[in-house]
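For reference, each letter of the sequence shown is one residue, going -35 to -1, 1 to 457 in mature numbering (1 follows the signal peptide of the UniProt record, and there is no 0).
The C-beta atom is built at its ideal place from N, Cα and C for all residues, glycine as well.
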Amino acid sequence: RYPAPALTRRAFIASAAASATGAMFPFLPASPATAAQHEISLRAAIGRVRLVPPGEMAAWLYNGTVPGPEIRLRQGERLRVAVDNALPEETTIHWHGVRVPNAMDGVPNLTQKPIGAGESFVYEFDATDAGTFWYHPHHKSFEQVARGLYGPLIIEELEPVRVDRDVTWMLGDWRLTKSGAISEDFGNRHDIHHNGRVGNTVTINGRVPDGFAVRKGERIRLRLINAATARIFGLDFAGHEPVVIALDGQPVAPHAPDNGLVVLGPAMRVDLIIDMNGSAGSRAAVTDRFYEGLEFRLVDLVYDATPLRERAPDWPLALPANPLPEPDVKGAPRNEVVFTGGMMGEMVARDMGESMGRGASGGKMGHTNSMMGGMMRMMTSSAAWFINGVAADEASHDMKPMLALAKDRSHVIAMTNATAWHHPIHLHGHSFRVISRNGQPTRHQEWQDTVLVSPREKVEIAFVADNPGDWMFHCHVLEHQAGGMMAVFRVA
Ligand code: C2O
Ligand code: CU
């Protein structure tokens, strides 16, 4: 059976007065004096984990576990996290998807000095939006995340949807050697120029799972978080009908996933409602089908012998909206952003297009004459990926803003992916509406903080730039980010 994640939680839910404040929805920023405050300490250190029995291996961990502790608080509360860095190198923590003040965003040399080895830092911010978020380092994240530094951050609605169980599955992807250690080839040129460090061992909450126990008739809210550095998931819950109720923590009109596949690029989250409709005593496989030809069974839903109820409940599915400012799309300036680079650049991408299918970045890439062309490019420059012609250098400590966005105004970012690869594009400090793909308005105008852009695709996003500061805009295939695919947007 699939083990429950180890949770540690040190919460100070203060008083009746505090929960009375919390009940005032829509959320108004509560003063620190009255808001319930959660305090937690996170210690980043080298430890040992057992992803799959019997082997134990060294990994980098928050509070000794992978994922790190699930931080859970309620919308409107304030979170205070004291971070101790016991790693042999610098680190920071980024609160992915949470609209924090700039100084709390955890980007080294942009929003804060990195936390040195042996040093500490305190992050503190209000939980403005409810939803499924996560935390991870933003210093050498292609290595630190791949070594195991990540954890879930759940901000509960004041009035959550009714379910029998609220479950988090944090998906991890590891590249292990034959002897069962983490492969040390972080940031190698091949990973940077192709689809990133796709590993060979997928975990749910830090374990290679066997079964996940469920009961017929049970309604589960499943919070999926993709913490992989590079792997994209396309999950098929065969025989079940998952309903998407939130994307990247933000509520969306409840709907069935396109083509029945729940797709999560790196860093993305999907909240599902699943009614367990299998028969008592049966098993049903959850299969990853993103990369064609590389399907694998992620986990089995294992039905208990006793049903919970015979019929699915008819409780409402929709979540209350978060207090996001609505962009004025028509009046907004349009900023063009073009992605280039990677192996098999523009010319070959067209030829590859047909054969790549849904799982573009799958195993077929090696067998092509264009290999040499890409190789030449790769030899002549250390920069692999470009945003509007610029490959950023994270180590330079001097990232100049690429775009200046007028504060409290609406903005459209029109992205063109002129590469042969998928890119999950993340903007810090804001959530944005995904308004169109290839010129067609999206059906749900969904709010996201990370949008998966397919090879050759054009995607437009819109948002109100209401959070002042210098914000990262980057690909969340962390090896692409390391290869230059990042920029700074200044909101002022
Ligand atoms: Cu989840 Cu800039 O990162
Ligand atoms: Cu990318």
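Exercise. Just to confirm, are I210 and D236 a CB contact at a threshold of 7 Å?
Worked result: Your numbering for residue 210 matches position 245 in the sequence shown. Your numbering for residue 236 matches position 271 in the sequence shown. It is a contact, given that the beta carbons lie within the stated cut-off.
Exercise. Going along the chain, which residues of its own chain have a beta-carbon closer than 6 Å to the beta-carbon of G152, five neighbours each way excluded?
Worked result: The residue you call residue 152 lines up with position 187 of the sequence shown. Excluding residues within five positions, the ones whose Cβ falls inside 6 Å are F107, A447.
Problem set entry | Helix, strand or coil at F304 [DSSP, three-state] | Numbered from 1 along the sequence shown, position 339 holds the residue referred to as residue 304. The answer is strand: DSSP assigns F304 an E or B state.
Exercise. For R188 versus G214, is the C-beta spacing smaller than 7 Å?
Worked result: Translated into the one-based positions of the sequence shown, residue 188 becomes position 223. Translated into the one-based positions of the sequence shown, residue 214 becomes position 249. Not a contact, by the Cβ cut-off of 7 Å.
Exercise. What is the rounded straight-line gap between the Cα of A221 and the Cα of I157?
Worked result: Translated into positions along the sequence shown, residue 221 becomes position 256. Translated into positions along the sequence shown, residue 157 becomes position 192. Their backbone Cα atoms lie some 34 Å apart in a straight line.
For this session: State yes or no: is the C-beta of M308 nearer than 6 Å to some heavy atom of the ligand C2O?
Result: For the purposes of this step, residue 308 is taken as the residue at position 343 of the sequence shown. Flag unset: Cβ of M308 not near the ligand C2O.
Exercise. Would you say R274 and G176 are within 7 Å of each other, going by their C-beta atoms?
Worked result: As a working mapping, residue 274 is identified with position 309 in the sequence shown. As a working mapping, residue 176 is identified with position 211 in the sequence shown. G176 is positioned such that its CB atom lies no closer than 7 Å to that of R274.
Problem set entry | Bridge-paired residues (DSSP) for E4 | Start at 1 with the first residue of the sequence shown, and residue 4 comes out as number 39. In the DSSP output, where bridge partners are listed per residue, E4 has R45.
Exercise. When the Cα atoms are used, what is the spatial distance from Y268 to L118?
Worked result: Counting from 1 along the sequence shown, the entry for residue 268 is found at position 303. Counting from 1 along the sequence shown, the entry for residue 118 is found at position 153. Taking the straight line joining both Cα atoms gives about 28 Å.
Exercise. CB-CB under 8 Å to H205, same chain, minus the five flanking residues each way: which ones, in chain order?
Worked result: Here residue 205 refers to the residue found at position 240 when the sequence shown is read from its first residue. Within the same chain, H205 has close Cβ partners I239, D240, M241, N242, G243, A249, L266.
Problem set entry | Any 3 or more C-beta pairs closer than 8 Å across the segment 119 to 137 and the segment 34 to 50 | yes
For this session: Could you tell me which residues DSSP pairs with I80 in its beta bridges?
Result: Against the sequence shown, residue 80 aligns to sequence position 115. Its beta-bridge partners are T56.
Exercise. F454 by DSSP, collapsed to three states: which one?
Worked result: As a first step, residue 454 is located in the sequence shown; it is residue number 489 there, counting from the start. DSSP places F454 in strand when its eight states are reduced to three.
Problem set entry | Per-residue burial, T168 [other beta carbons within 10 Å of its own, 16 or more giving buried] | The count along the sequence shown starts at 1 and reaches residue 168 at position 203. With 16 or more other Cβ atoms within 10 Å, it is buried.
Problem set entry | Residue burial classification, K105 (beta-carbon count within 10 angstroms, cutoff 16) | Counting from one through the sequence shown, the residue named residue 105 turns up at place 140. Flag for K105 reads buried.
For this session: Under 5 Å from any heavy atom of the ligand CU, by CB: list those residues in chain order, please.
Result: Qualifying residues, in the order they occur: H388, C440, V442, H445.
For this session: Count the other C-beta atoms from every protein chain shown that fall within 10 angstroms of the C-beta of S(-5), then say buried if there are 16 or more, exposed otherwise.
Result: What you label residue -5 is simply residue 31 of the sequence shown in a count that begins at 1. No answer about S(-5) holds up, because its pLDDT of 40 lies below 50 and its placement is not dependable.
Exercise. Beta carbon of M364: closer than 6 Å to some heavy atom of the ligand C2O?
Worked result: By one-based count along the sequence shown, residue 364 stands at place 399. The answer is no for M364.
Exercise. Is A178 near E301, with beta carbons less than 7 Å apart?
Worked result: For this step, residue 178 is matched to residue 213 along the sequence shown. For this step, residue 301 is matched to residue 336 along the sequence shown. It is not a contact, given that the beta carbons lie outside the stated cut-off.
Exercise. How would you label R262, buried or exposed, when you count the other beta carbons within 10 angstroms and need 16 or more for buried?
Worked result: The residue given as residue 262 occupies position 297 in the sequence shown. Exposed.
For this session: With DSSP collapsed to three states, give me the class of M437.
Result: As a working note, residue 437 is residue 472 in the sequence shown. It is a strand residue.
Exercise. Do M437 and the ligand C2O come close, with the Cβ less than 6 Å from some heavy atom?
Worked result: Here residue 437 refers to the residue found at position 472 of the sequence shown. Checking the Cβ of M437 against the ligand C2O gives yes.
Problem set entry | Proximity of A9 and Y27 at Cβ, strictly below 7 Å | Your numbering for residue 9 matches position 44 in the sequence shown. Your numbering for residue 27 matches position 62 in the sequence shown. It is a contact, given that the beta carbons lie within the stated cut-off.
Problem set entry | Unbroken alpha helix (DSSP H) run spanning S106, endpoints | The residue given as residue 106 occupies position 141 in the sequence shown. Element bounds for S106: 106 to 109.
For this session: Indicate whether A62 and D431 have their beta-carbon atoms separated by less than 7 Å.
Result: Translated into the one-based positions of the sequence shown, residue 62 becomes position 97. Translated into the one-based positions of the sequence shown, residue 431 becomes position 466. With the sequence shown as reference, residue 62 is identified as Gly, and Ala is not the correct amino acid for it. Cβ atoms of G62 and D431: not closer than 7 Å.
For this session: Using DSSP bridges, identify the partner residues of F86.
Result: The residue given as residue 86 occupies position 121 in the sequence shown. Note: F86 sits in a beta bridge opposite V48.
Exercise. From which residue to which residue does the beta strand (DSSP E) around Q215 run?
Worked result: As a position in the sequence shown, residue 215 is number 250, starting the count at 1. Counting along the chain, the beta strand (DSSP E) containing Q215 begins and ends at 215 to 220.
Exercise. For the putative contact between V442 and G161, defined by C-beta atoms under 8 Å, what is the C-beta separation to the nearest angstrom?
Worked result: As a first step, residue 442 is located in the sequence shown; it is residue number 477 there, counting from the start. As a first step, residue 161 is located in the sequence shown; it is residue number 196 there, counting from the start. Contact holds; Cβ gap of about 4 Å.
Exercise. Under the criterion of a Cβ to heavy atom distance below 6 Å, does H220 qualify as lining the ligand C2O?
Worked result: Start at 1 with the first residue of the sequence shown, and residue 220 comes out as number 255. Checking the Cβ of H220 against the ligand C2O gives no.
Problem set entry | Segments assigned beta strand (DSSP E), at least 3 residues, entirely inside the segment 370 to 436 | 375 to 382, 388 to 392, 397 to 402, 415 to 418, 423 to 429
Exercise. What are the start and end residues of the alpha helix (DSSP H) that includes R154?
Worked result: The count along the sequence shown starts at 1 and reaches residue 154 at position 189. Taken as a continuous stretch (DSSP letters only), the alpha helix (DSSP H) holding R154 covers 154 to 158.
For this session: Examine the ligand C2O and report whether any of its heavy atoms sits within less than 6 Å of the Cβ of H61.
Result: One-based indexing of the sequence shown puts residue 61 at position 96. Yes, Cβ of H61 sits closer than 6 Å to a heavy atom of the ligand C2O.
For this session: Assign D138 to buried or exposed, taking buried as 16 or more other Cβ atoms, counted over all protein chains shown, within 10 Å of its Cβ.
Result: Taking the first residue of the sequence shown as 1, we reach residue 138 at position 173. So D138 counts as buried.
Problem set entry | heavy atom of the ligand C2O below 6 Å from H3 C-beta | Your numbering for residue 3 matches position 38 in the sequence shown. For the ligand C2O, not one heavy atom lies less than 6 Å from the Cβ of H3.
Exercise. Taking DSSP as the reference, what is the three-state secondary structure of N224?
Worked result: Against the sequence shown, residue 224 aligns to sequence position 259. Note: N224 maps to helix in three-state DSSP.
Exercise. From M367 to R299, what does the alpha carbon distance come to, in whole angstroms?
Worked result: Numbered from its first residue, the sequence shown carries residue 367 at position 402. Numbered from its first residue, the sequence shown carries residue 299 at position 334. Going by the C-alpha atoms only, they are around 14 Å apart.
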